[in-house]
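To keep things clear, I will list the structure first and then write my remarks on it.
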Amino acid sequence: AAGVIQSPRHLIKEKRETATLKCYPIPRHDTVYWYQQGPGQDPQFLISFYEKMQSDKGSIPDRFSAQQFSDYHSELNMSSLELGDSALYFCASSPRPGQGRYEQYFGPGTRLTVT
Amino acid sequence: AQTVTQSQPEMSVQEAETVTLSCTYDTSENNYYLFWYKQPPSRQMILVIRQEAYKQQNATENRFSVNFQKAAKSFSLKISDSQLGDTAMYFCAFMKPGGGADGLTFGKGTHLIIQP
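Chains as they are written, first to last, in the numbering used here: chain A, 1 to 115; chain B, 1001 to 1116.
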């Protein structure tokens, strides 16, 4: 079965640079979520989109922005990178809310290292 | 805001044994969803099992089952006939279905080690 696709899988950036992470949800999933998992920590919810509109917002820094496109893929843009942004970034997708299925399926993650 | 607590940072059992991971949560909501996710060394987040709060019947998926006690706000995961491949971090997660796409709130996780 098709899974969530994230690219790139690994990314190395320097401080103050920008990074763009991409996420392609499971086919027919129109809801996308972004999470950040620091070393030894649990995933922290950043932001979600449903039908290309921002739906819920978590602990996303103002330096980060995200959007969902017409084909439902999503991009997380990160600017003025800091050492503390080094983490594993997950994208997850789920079927349309309200259809009785709320489970989120995670991609393999993008490992971002800021030096 | 919701909180999820996993009080066991690490557990170790022998292969083929049964193990129970605990999870408690705090919420004022009446309708919500609970999940257990597994994160093996590959760091992939794998959905293990889900439970809807309005359902009294405990969810079961093969060797995995939950004990959902809504009044006590408890959601434990039981793994029967444990296998070496069950070694992983296990995260309990809460979601309030607010009609949109709500994010998950995770516990700190339990590192489960299955010994041969």
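The beta-carbon is built from N, C-alpha and C at its ideal position, and this holds for glycine as well.
Distance CB(residue i)-CB(residue j) smaller than 8 Å
i: B/GLN1006; j: B/SER1022; result: yes
i: A/ILE60; j: A/LEU46; result: yes
i: B/THR969; j: B/ILE1079; result: The structure shown does not extend to residue 969 of chain B, since chain B is modelled only from 1001 through 1116, so no value can be given for it.
i: A/ASP42; j: B/PHE1106; result: yes
i: B/LEU1077; j: B/THR1020; result: yes
i: A/GLN36; j: A/ALA87; result: yes
i: B/PRO1009; j: B/HIS1111; result: yes
i: B/TYR1033; j: A/TYR102; result: yes
i: B/ASP1081; j: B/ALA1016; result: yes
Helix, strand or coil at residue i according to DSSP, with G and I counted as helix
i: B/LEU1084; result: helix
i: B/ASP1026; result: strand
i: A/TYR81; result: Strictly speaking, residue 81 of chain A in this sequence is Leu, with Tyr absent from that position. Coil, per DSSP.
i: B/GLN1125; result: Coverage of chain B is limited to positions 1001 through 1116, which leaves residue 1125 of chain B absent and any answer about it impossible.
i: A/ILE60; result: coil
i: B/LEU1047; result: strand
i: B/PHE1106; result: strand
i: A/TYR72; result: coil
i: B/LYS1078; result: strand
i: B/THR1020; result: strand
i: B/TYR1032; result: coil
i: B/SER1007; result: coil
i: B/GLN1002; result: coil
i: B/ASN1062; result: coil
i: B/GLU1052; result: strand
i: B/VAL1013; result: strand
i: B/GLN1057; result: coil
i: A/GLN54; result: strand
i: A/ALA2; result: coil
Nonlocal neighbours in the same chain, by C-beta distance under 6 Å from residue i, ignoring five residues either side
i: A/LEU21; result: LEU76, TYR89, THR110
i: B/TYR1025; result: VAL1004, LYS1073, PHE1094
i: B/ARG1050; result: PHE1035
i: A/ASP56; result: SER48
i: A/PHE106; result: PHE90, ALA92
Contact set for residue i: own chain, Cβ-Cβ below 8 Å, skip 5 residues either direction
i: A/SER74; result: LYS22, CYS23, PRO25, VAL32, TRP34, PHE49, ALA66, GLN67, GLN68, CYS91
Nonlocal neighbours in the same chain, by C-beta distance under 7 Å from residue i, ignoring five residues either side
i: A/ASP30; result: TYR50, GLU51, TYR72, ARG96
i: A/ALA19; result: LEU11, LYS13, MET78, LEU81, LEU112
i: A/ALA2; result: ILE26, PRO27
i: B/LYS969; result: Nothing about residue 969 of chain B can be read from this structure; chain B reaches only from 1001 to 1116.
i: B/MET1045; result: TYR1037, GLN1039
i: B/ASP1086; result: ILE1079, LEU1112, ILE1114
i: B/SER1012; result: ILE1113, GLN1115
| said: Runs of 3 residues minimum, wholly inside the segment 14–39 of chain A: which ones carry the beta strand (DSSP E) assignment? | reply: 19–24, 31–37
| Positions along the segment 27–39 of chain A whose CB lies within less than 7 Å of some CB in chain B | THR31, TYR33
| query | Which ranges would you report for the beta strand (DSSP E) in the segment 84–114 of chain A if only whole runs of at least 3 residues count? | reply | 87–94, 110–114
| field | the segment 52–71 of chain A: positions lying closer than 7 Å to chain B by Cβ | value | SER55, ASP56, GLY58
| Chain-ordered residues of the segment 100–113 of chain A with a beta carbon less than 7 Å from chain B | TYR102, GLU103, GLN104, TYR105, PHE106, PRO108, GLY109
| What residues in the segment 1068–1084 of chain B bring their beta carbon closer than 8 Å to a beta carbon of chain A? | none
| Between the segment 1021–1041 of chain B and chain A, which residues of the former have CB atoms less than 9 Å from a CB of the latter, in chain order? | TYR1033, PHE1035, TYR1037, GLN1039
| task | Anything in the segment 1045–1061 of chain B with a Cβ closer than 9 Å to a Cβ of chain A? List those residues in chain order, please. | result | MET1045, ILE1046, LEU1047, ARG1050, GLU1052
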